[in-house]
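Enquirer: Numbering (this note's numbering), first residue to last: 781 to 1108.
Built from N, CA and C at the ideal position, the CB exists for glycine as well.
These figures come from a predicted structure and were not determined experimentally.
My questions will all concern the structure given below.
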């Protein structure tokens, strides 16, 4: 059988079985990731949101990490407490961002309520259907790990380390952050089921040095407001751990490969079929974020991505079922 004929047969088999066949021959099912649990449905990065995502049937729980002053890993997208999401011990909404989680002990962090969106914020309009769960507290990574280990079906974790190379005081140093996450993951026996991702690639390189058994994913975005892979005026980006895209053919997939990541997690609007094909040719999985509208989910699925990160895993689950795509 010719190579072309084998490719046609492979595509037919993929359609019939509902699995994805990557360019380098690896076969796997679709990875449905619940972004911050299920942010469109319940308060982000809370245990109720993660439980809801598990009920829906996600294959991966995506979350974000910060570290408290006393060294506890907690689940928060924001390094500074966010007034759109956080009420103080007095029940009043914060007036401005802060303080930094890094400046608070766990006991202090637990005093804040993250169970609903501030109705006066633009965020509330964006997620108008989110159900409030008043009294929710910022969870620890240990609590999420216990939830995962108790789940009826094995589920993976995609953990984002929240650092900004331009604001180093707001988070632990990359090596310290990486070491803490590795210790927690290994202690839980979850290394085969965990991916660590970041826009700041420094902790990812640290993970590969310290714990090569743990997979990493390189997050990227290219917009007018923020370009994480290309610096201004042709200079290297501060986010790519010293790697210069110009030294890699101005190719984002090749840059990701050079960073040692197993997966590329791009802003979904930056994707094209050609980029997905290039990434697959390099052995990378492609997991775009954050894809929330059903039509957009369909568009990236048509590009043969390996999974999606979404605030609405219920919508994605329905679409995947409609298309006959298996998730695992």
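Have a look at residue 907 and residue 921 and give me their C-alpha separation to the nearest angstrom.
Expert: Those two C-alpha atoms are separated by around 25 Å.
Enquirer: Do the stretch 836-856 and the stretch 943-959 make contact, defined as three or more Cβ pairs closer than 8 Å?
Expert: With the cut-off at 8 Å, the stretch 836-856 and the stretch 943-959 touch.
Enquirer: Alpha carbon to alpha carbon, what distance is there between residue 1078 and residue 1054?
Expert: Whole-angstrom Cα-Cα distance: 17 Å.
Enquirer: Per DSSP, what kind of secondary structure is residue 1077 in: helix, strand or coil?
Expert: Note: residue 1077 maps to helix in three-state DSSP.
Enquirer: Counting only runs that start and end within the stretch 912-944, where is the beta strand (DSSP E) found for 3 or more residues in a row?
Expert: For the stretch 912-944, whole beta strand (DSSP E) runs of length 3 or above, ordered along the chain, are 936-941.
Enquirer: Which of helix, strand or coil does DSSP assign to residue 864?
Expert: If DSSP states are grouped into helix, strand and coil, residue 864 belongs with coil.
Enquirer: Do you know offhand how far residue 881's Cα is from residue 926's?
Expert: If I take the Cα positions, the gap works out to 22 Å.
Enquirer: Taking the alpha-carbon of residue 916 as reference, which of 1041, 900, 889 has the nearest alpha-carbon?
Expert: Per the Cα distances, 889.
Enquirer: Provide the residue span of the alpha helix (DSSP H) that contains residue 1094, from first to last.
Expert: Per DSSP, residue 1094 belongs to the alpha helix (DSSP H) from 1093-1103.
Enquirer: Between which two residues does the beta strand (DSSP E) holding residue 1053 run?
Expert: Looking at the DSSP string, residue 1053 is not in any beta strand (DSSP E); the run it does join, the alpha helix (DSSP H), is 1053-1061.
Enquirer: Judging by CA-CA distance, which residue of 979, 987, 988, 986 is the nearest neighbour of residue 1010?
Expert: If we check each option's Cα against that of residue 1010, 979 comes out closest.
Enquirer: In whole angstroms, what separates the C-alpha of residue 895 from that of residue 983?
Expert: So the alpha carbons of these two residues sit roughly 30 Å apart.
Enquirer: From 966, 883, 973, 873, pick the residue whose C-alpha is nearest to that of residue 755; which is it?
Expert: Residue 755 lies beyond the stretch modelled for the chain, which goes from 781 to 1108, so this question has no answer here.
Enquirer: Is it buried or exposed for residue 981, if we count other Cβ within 10 angstroms and need 16 for buried?
Expert: Buried, by the Cβ-count rule.
Enquirer: Hey, which unbroken runs of the beta strand (DSSP E) at 3 residues or more fall wholly within the stretch 836-898?
Expert: Runs of the beta strand (DSSP E) inside the stretch 836-898: 840-847, 853-855.
Enquirer: Which same chain residues, not among the five before or five after residue 817, have their C-beta less than 6 Å away from its C-beta?
Expert: Hits under 6 Å: 829, 830, 833.
Enquirer: If the criterion is Cβ atoms closer than 8 Å, does the pair residue 1066 and residue 1090 meet it?
Expert: For residue 1066 and residue 1090, no; Cβs fall outside 8 Å.
Enquirer: Compare the C-alpha of residue 918 against each of 929, 1082, 853 and name the closest.
Expert: Here the closest residue by C-alpha is 853.
Enquirer: Quick check on residue 1004: does DSSP put it in helix, strand or coil?
Expert: In the structure shown, residue 1004 sits in coil (DSSP, three-state: anything other than H, G, I, E or B).
Enquirer: Would DSSP call residue 823 helix, strand or coil?
Expert: Note: residue 823 maps to coil in three-state DSSP.
Enquirer: Give me the Cα-Cα distance between residue 803 and residue 897, rounded to the nearest whole angstrom.
Expert: Annotation note: pLDDT 38 at residue 803 (below 50); position unreliable, coordinate value reported separately. Spanning the two alpha carbons is a distance of roughly 42 Å.
Enquirer: Exposed or buried, what is residue 1027 when buried is set at 16 or more other beta-carbons lying within 10 Å of its beta-carbon?
Expert: Classification for residue 1027: exposed.
Enquirer: For the stretch 1035-1043 against the stretch 988-1001, do three or more pairs of beta-carbon atoms, one drawn from each stretch, fall closer than 8 Å, so that the two count as touching?
Expert: Verdict: yes, contact present.
Enquirer: Which value, in whole angstroms, describes the spacing of the CA atoms of residue 991 and residue 1087?
Expert: When rounded, the distance between both Cα atoms is 24 Å.
Enquirer: Taking all protein chains shown into account, decide if residue 1006 is buried (16 or more other Cβ within 10 angstroms of its Cβ) or exposed.
Expert: Looking at its Cβ environment, which holds fewer than 16 other Cβ atoms inside 10 Å, residue 1006 is exposed.
Enquirer: Residue range of the alpha helix (DSSP H) that residue 965 falls in?
Expert: Its alpha helix (DSSP H) spans residues 954-968.
Enquirer: Mind reading off the beta-carbon distance from residue 827 to residue 923? Whole number of angstroms is fine, and I expect it under 8 Å.
Expert: Yes, they are in contact, since the Cβ atoms of residue 827 and residue 923 sit about 6 Å apart, within 8 Å.
Enquirer: Look at residue 938 and residue 977 and say whether their C-beta atoms are less than 8 Å apart.
Expert: Yes; because the gap between Cβ atoms is below 8 Å, this pair is in contact.
Enquirer: With 8 Å as the threshold, decide whether the Cβ of residue 887 is near any Cβ in chain C.
Expert: Structure shown: chain C not included; a single protein chain is present.
Enquirer: Which whole-angstrom value describes the C-beta separation of residue 893 and residue 867, a residue pair presumed to lie in contact below a C-beta threshold of 8 Å?
Expert: About 4 Å; that satisfies the 8 Å criterion.
Enquirer: Run through the stretch 974-1022 for me and flag every whole alpha helix (DSSP H) of 4 or more residues, listed as ranges in chain order.
Expert: Complete alpha helix (DSSP H) runs here, min 4: 982-990.
Enquirer: Would residue 1047 pass as a contact of residue 1069 if the rule is Cβ separation under 8 Å?
Expert: Cβ distance < 8 Å, so residue 1047 and residue 1069 count as in contact.
Enquirer: Start and end of the alpha helix (DSSP H) containing residue 812?
Expert: Per DSSP, residue 812 belongs to no alpha helix (DSSP H); it is in the beta strand (DSSP E), 811-815.
Enquirer: Which residue marks the beginning of the alpha helix (DSSP H) containing residue 904, and which one marks its end?
Expert: 902-906 is the span of the alpha helix (DSSP H), which, as asked, contains residue 904.
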